[in-house]
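**Q** The opening residue of the sequence shown carries number 0 in numbering that gives the first Met the number 0; numbering runs sequentially from there.
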Amino acid sequence: MSTTKFLSGALAGLATGVLVGLLIAPDSGEETRKKIRYKTSNLRNKFGRIVGKGSKDLAELKKVFEHEVTGLKDDVRERILRLIDESRTSYDDFKSEVENS
């Protein structure tokens with residue numbers, strides 16, 4: 000399953016949950032909106048920390064393979080570094096899509 004499909008499903012489930020919650024909410028509209036803003040802010044902060052951590056981890060992995068891992072042939076090392084760079088590029092593209100949504 001691709002990350003995009005997974006996130007699309009997760010967002011659809013989240014939207015459905017929010018809609019059902021709004022329809023059966025015992026609180027007033029103003030109180031419900033405050034709760035939604037608070038929870039959305041918390042989720043955004045948590046997601047931001049996770050996204051930032053992923054980028055940092057990829058950078059650290061690249062440093063390890065560039066400087067600390069010994070015994071690899073040069074072509075293997077280059078392939079691994081290229082895969083890390085491609086992963087980081089994909090990750091950064093995904094991050095920018097999420098931030099712009």
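Glycine included, every Cβ here is placed at the ideal spot set by N, Cα and C.
Just so we're clear, the structure is a prediction, and the values are computed from it rather than from any experiment.
1) Would you give the residue range spanned by the alpha helix (DSSP H) that S86 belongs to?
2) So, under 8 Å CB-CB, E65 and L82 are touching, yes? Tell me the CB distance rounded to an integer number of Å.
3) Using only CA atoms, which one of F5, R43, R32 and D84 lies nearest to N99?
4) From this set, A14, F46, D91 and K55, which residue's C-alpha is nearest I35's C-alpha?
**A** Well, looking at it:
1) D73 to N99
2) Contact doesn't hold; Cβ gap of about 13 Å is too wide.
3) R43
4) A14
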